[in-house]
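Everything below concerns the one structure shown next.
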Amino acid sequence: MPLGLLKYGLRPRRPPDRFLPPRPELKRAYDTVIIGGGGHGLAAAYYLAVDHGITDVAVLDKGYLGGGNTGRNTAIVRANYLTEDGVRFYAESLDLWRGLSGELDFNLQYSERGHLTLAHADSAIRTMRWRAEVNKHLGVDSELIFPDEIARLVPGLDLSSDVRHPVLAALYHPPGATARHDAVVWAYAARAAARGVELHSDTEVTGIEVEGGRVTGVETSRGTISCNRVLQAVAGQSSLVSGMAGFRLPIHTVPLQACVSLPLKPWLDPIVVSGSLHVYIWQSARGEVVIGGATDPYGLYANRSTLEFAEGTLLPVLELFPFLANVKMLRQWAGMCDMTPDFSPVMGVTPVENLYIDAGWGTWGFKATPVCGKRMAELIATGRTPDLLQPFRLSRFAEFEQVGEKGAASVGH
């Protein structure tokens, strides 16, 4: 046993080191203000400090860090999208994820376990083959597999032909992974704070000051801040915050629900998704079965769960895994998804000078945390939109150059 560990264990009092610094007094001015203390906002703050030396940054959140969608998602990471723009973006994100625990010196519980998207019809098989070829062309590991291989990867899956939606094939994405979402928030927050970034929880933004078409400050529940640049990364609140600055977003906000079971012995390693049945399922390291479904069919700014979700989602789960019928559910919850017309995010500049946006993520925001933070930090620091973000600019809707990712958005839509 290392001597240091032995001494620590025998010490009568062991006051823990504070992981995050206490909330400081809010200054009257900062170089950059980031609205939203979730994964994206904290990642942008971290990369501003590490990659560009910009540390006069305040991260504001009306609640606690990671209390929005970052803490409410189901923590899946993948890169098997449909369009070249989407695949390139997530290929870089996947590369960043693989080294992130080491870079942040924090165990993010990143686990590559494989990701299967099931096909229940000939048309779905064509789409999976299309996605596989696009992925391979861009260096992302994906392939079309059939029931014999699916049975080897997921022995408990019902592959019989006497069900309503027989499984005919699947898109297999070996790098598909999961990570601990809370750990991602804590790690980015701690490393950003260590570089001098200020973290301000319980600080609600109530207005954005704009003069001559340029952002000049942010009004908060703790006073007004002058600043040179602002990034809004507020997930389901995106339309409300942009409205404070005087422009509208092509976004509507809907709840997205999920649930987990009581812990079971390990039996499921890959992530299993059915876009046709609007359901996905994977098992956490603690044994809980994590289950999610489609977004609710109507707009609502509320995090609430419903019996309709439980009924509508668990029935197709039982079609895929009938032996789960007697498993008890532990809890269910909801987050808010901001959906765009082309099911792709919005990143980049806005009609207000020096006000930048990170929004429209729908159901695929968590997996973009490192790449979005890194590239948005590059945009804020240099004033130039990175090539990787260019296809996701806000102006694409007026220019009729949408990024059509609906075919690869799995169950969220």
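The opening position of the sequence shown corresponds to residue 1 in our numbering, with each subsequent residue numbered one higher. Where a beta carbon is used, it is the ideal one built from N, C-alpha and C, also for glycine. If you're wondering where the values come from, they're calculated on a predicted model, not measured in any experiment.
Out of curiosity, what's the CA-to-CA distance linking residue 279 and residue 28?
Taking the sequence shown and counting its residues from 1, one reaches residue 279 at position 279. Taking the sequence shown and counting its residues from 1, one reaches residue 28 at position 28. Whole-angstrom Cα-Cα distance: 47 Å.
Go through its chain and collect everything with a Cβ distance to residue 126's Cβ below 8 Å, but skip five positions before and after it.
Translated into positions along the sequence shown, residue 126 becomes position 126. No residues qualify anywhere along the chain.
With contact counted as at least three CB pairs below 8 Å, one residue from each stretch, are the region 115-124 and the region 165-178 in contact?
yes
Residues bridged to residue 190 [DSSP beta-bridge criterion]
If you number the sequence shown from 1, residue 190 lands on position 190. According to DSSP, residue 190 bridges with nothing at all.
At the level of alpha carbons, what is the spacing between residue 412 and residue 276?
Residue 412 sits at position 412 when you count from the first residue of the sequence shown. Residue 276 sits at position 276 when you count from the first residue of the sequence shown. In this prediction, residue 412 scores a pLDDT of 44, lower than 50, which makes its location untrustworthy; the coordinate-derived value is nonetheless stated afterwards. Their backbone Cα atoms lie some 11 Å apart in a straight line.
First and last residue of the uninterrupted beta strand (DSSP E) at residue 301:
Here the question's residue 301 lines up with position 301 in the sequence shown. Per DSSP, residue 301 belongs to no beta strand (DSSP E) and is neither H nor E.
Should residue 137 be labelled buried (16 or more other beta-carbon atoms within 10 Å of its own) or exposed?
Residue mapping note: residue 137 aligns to position 137 of the sequence shown, counting from 1. Result: exposed.
Could you tell me whether the Cβ atoms of residue 257 and residue 293 are closer together than 8 Å?
Counting from one through the sequence shown, the residue named residue 257 turns up at place 257. Counting from one through the sequence shown, the residue named residue 293 turns up at place 293. Taking 8 Å as the Cβ cut-off, residue 257 and residue 293 qualify as a contacting pair.
Three-pair Cβ contact test at 8 Å for the region 218-226 versus the region 253-269
Contact between the region 218-226 and the region 253-269 is absent, because fewer than three Cβ pairs lie under 8 Å.
Take residue 23 as the anchor and find which of 4, 59, 48 and 32 has the nearest alpha-carbon.
Mapped onto the sequence shown, residue 23 falls at position 23. Residue 59 is the option with its Cα nearest to residue 23.
For residue 372, which option in 13, 86, 25 and 339 has the closest C-alpha, if you only look at C-alpha atoms?
Looking up residue 372 in the sequence shown gives position 372. Ranking the options by Cα distance to residue 372, first place goes to 86.
I think residue 388 touches residue 348, with their Cβ atoms under 8 Å apart; what is that distance to the nearest whole Å?
Start at 1 with the first residue of the sequence shown, and residue 388 comes out as number 388. Start at 1 with the first residue of the sequence shown, and residue 348 comes out as number 348. With 8 Å as the limit, residue 388 and residue 348 do not qualify as a contact, their Cβ atoms being about 11 Å apart.
In this structure, does DSSP put residue 161 in helix, strand or coil?
Numbered from 1 along the sequence shown, position 161 holds the residue referred to as residue 161. Coil at residue 161, not helix or strand.
So residue 241 and residue 35 are in contact, right, with Cβ under 8 Å, and what is the actual spacing, rounded?
Reading the sequence shown from its first residue, position 241 is the one you call residue 241. Reading the sequence shown from its first residue, position 35 is the one you call residue 35. About 6 Å; that satisfies the 8 Å criterion.
For residue 329 and residue 288, the rounded distance between their alpha carbons
Mapped onto the sequence shown, residue 288 falls at position 288. Mapped onto the sequence shown, residue 329 falls at position 329. Between residue 288 and residue 329, the C-alpha separation is close to 9 Å.
Whole-Å CB distance - residue 338 paired with residue 235, under 8 Å assumed
One-based indexing of the sequence shown puts residue 338 at position 338. One-based indexing of the sequence shown puts residue 235 at position 235. With 8 Å as the limit, residue 338 and residue 235 qualify as a contact, their Cβ atoms being about 6 Å apart.
Alpha helix (DSSP H) containing residue 375: first to last residue?
Your numbering for residue 375 matches position 375 in the sequence shown. Residue 375 -> alpha helix (DSSP H) spans 369-382.
In terms of DSSP beta bridges, what is residue 252 paired with?
One-based indexing of the sequence shown puts residue 252 at position 252. Looking at the DSSP assignment, residue 252 forms a beta bridge with 339.
Is residue 298 a contact residue of the ligand GDP, with contact defined as CB to any heavy atom under 7 Å?
Only the bare structure without any ligand can be found here, which leaves the ligand GDP out of the picture.
Report the residue from 316, 111, 88 and 46 whose alpha carbon sits nearest the alpha carbon of residue 180.
Locating residue 180 in the sequence shown gives position 180, counting from the first residue. It is 111 whose Cα lies nearest to the Cα of residue 180.
With a threshold of 7 Å on Cβ separation, who are the neighbours of residue 92 within its own chain once the five nearest residues in sequence on each side are excluded?
Position 92 of the sequence shown, counted from the first residue, corresponds to residue 92. The residues are 371 and 388.
From this set, 47, 355, 193 and 259, which residue's C-alpha is nearest residue 244's C-alpha?
Indexing the sequence shown from 1 puts residue 244 at position 244. The option with the nearest alpha carbon to residue 244 is 355.
Where does residue 54 sit, in a helix, a strand or coil, going by DSSP?
By 1-based counting over the sequence shown, the position of residue 54 is 54. It is coil, neither helix nor strand.
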